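One structure below.
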Amino acid sequence: MKDPYAVLGLSRDTDPETLRAKYKELHDLYGEQRFKSGEEGNEGARKLQELEEAWVLISANIEKDTKTEAFGGDYSKVDELIRTGKYNEAQDILDSITERKGEWHYMQAIVFYKREWLSEAKTQLEMAIQDDPSNSKYKESLAKLKMAIDNPAQIQNRPQQDQSTNYGGAPNYGGSTPPPQQDNMSNCLSTCCCAYCLTDCLCSAMRCC
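Throughout, this note's numbering is defined as the position within the sequence shown, counted from one, plus 7.
Okay, structure coming up:
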């Protein structure tokens with residue numbers, strides 16, 4: 008498919024207002040041209056359709072960029088949403104961030120952990136460490152999570168979450184929904200020392216960032 012910005016004759020880094028103005032200008036131009044007779048009218052209709060298809064993609068990028076700018080690299084809002092059980096809303100913010108470095112993967116691990124998707128949380132912590140190998144918070148979190156996953160038989164059942172604060176639903180990460188864990192895996196983080204340490208590391212430590 009043709010570059011949507013090339014359809015407008017502009018580049019990806021053009022500011023939103025200029026993009027909107029150019030879209031309106033071309034929309035009016037092709038809108039009039041399509042009513043002309045012969046090939047000129049056909050060309051106007053074709054270009055108008057191409058313009059509309061390009062604008063759908065450009066508008067989505069503008070919206071995503073606006074959310075990213077509003078985020079500003081501060082994960083405190085994500086932290087607050089997770090603590091209050093609003094995992095879908097926390098996921099929405101994470102999904103809107105295009106630059107996904109170590110802290111992004113760490114926060115994604117927190118959301119997965121809260122949903123009891125332990126293997127997915129482990130994967131995200133590994134990606135966080137890959138981005139920032141010297142970060143002790145990431146490494147300690149991964150070590151404790153691995154210990155919990157590898158020793159499910161030593162851990163009591165985890166208490167049920169308060170459904171009044173559990174917003175449910177699967178996060179939209181990477182275009183797929185992580186599968187639910189087996190019973191012994193989903194319940195492996197309990198009130199024992201291992202689970203307490205993991206919870207402290209995964210949930211409390213992020214508030215110190």
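Each residue gets a CB set at the ideal place from its N, CA and C atoms; glycine is no exception. Predicted model, so just to flag it, every value in this text is computed and none were measured.
Own chain, CB closer than 8 Å to residue i, minus 5 neighbours either side, in chain order
i     : result
Gly48 : Gln40, Arg41, Phe42
Gly38 : Gly51, Leu55
Gly16 : Lys29
Arg64 : Reading off the sequence shown, one finds Leu at residue 64, where the question assumed Arg. Taken in chain order, the residues that qualify are Pro11.
Lys71 : Ser103, Thr105
Lys9  : Glu57, Ala61
Contacts around residue i, its chain only, beta-carbon distance under 7 Å, and the 5 residues preceding and following it disregarded
i      : result
Arg19  : Tyr12
Lys121 : Ile89, Tyr94
Lys84  : Ile100
Trp111 : Leu101, Ile104
Val14  : Glu57, Leu58, Ala61
Lys146 : Ile136
Tyr174 : Note that Tyr174 scores 31 on pLDDT, short of 50, meaning its location in the model is unreliable; the coordinates nonetheless yield the value given after this. For Tyr174, where only same-chain residues beyond five positions count, the Cβ hits under 7 Å are Gly92, Lys93, Tyr94, Asn95.
Asp139 : Gly109, Tyr145
Proximity of residue i and residue j at Cβ, strictly below 8 Å
i      : j      : result
Tyr113 : Leu88  : no
Gln115 : Leu125 : no
Phe119 : Glu127 : yes
Boundaries (first-last residue) of the alpha helix (DSSP H) holding residue i
i      : result
Leu17  : Counting along the chain, Leu17 falls outside any alpha helix (DSSP H), and DSSP gives it neither H nor E.
Trp111 : 109-121
Pro23  : 23-40
Asp157 : 143-157
Asp138 : 125-138
Proximity winner among the options, relative to residue i (alpha-carbon distances)
i      : options                      : result
Ile104 : Thr73, Ser66, Thr21          : Thr73
Ile136 : Gly109, Arg53, Asp10         : Gly109
Leu36  : Asn142, Arg53, Ala67, Thr25  : Arg53
His34  : Gln98, Glu46, Leu58, Ala67   : Leu58
Lys153 : Asp81, Gly45, Lys129, Glu106 : Lys129
Leu68  : Ser141, Tyr145, Thr21        : Note that residue 68 is Asn in the sequence shown, not Leu. Selected option, being the one with the closest Cα: Thr21.
Glu6   : Glu32, Ser141, Gly92, Lys146 : Residue 6 is absent from the model: the chain starts at 8 and stops at 216.
Ser66  : Leu26, Gln98, Asp86          : Leu26
Tyr82  : Ile117, Leu64, Glu46, Pro23  : Ile117
Cβ neighbours of residue i in the same chain (closer than 6 Å, five flanking residues each side left out)
i      : result
Pro187 : Any answer about Pro187 is weak, because its pLDDT of 46 lies below 50 and its placement is not dependable; what the coordinates show is given next. Around Pro187: no qualifying Cβ.
Trp62  : Tyr30
Met134 : His112
Ile156 : Leu125
Leu149 : Leu132
Pro23  : Ile69
Gly176 : Here Gly176 scores only 34 on pLDDT, less than 50, and its place in the model should not be relied on; the value that follows carries that caveat. Taken in chain order, the residues that qualify are Asn95.
Check: residue i C-beta below 7 Å from any heavy atom of the ligand MN
i     : result
Tyr94 : With respect to small molecules bound, the structure shown includes none, and the ligand MN cannot be examined in it.
Could you pull out every unbroken alpha helix (DSSP H) segment of at least 4 residues lying fully inside the segment 83-108, listed in chain order? 83-90, 94-103
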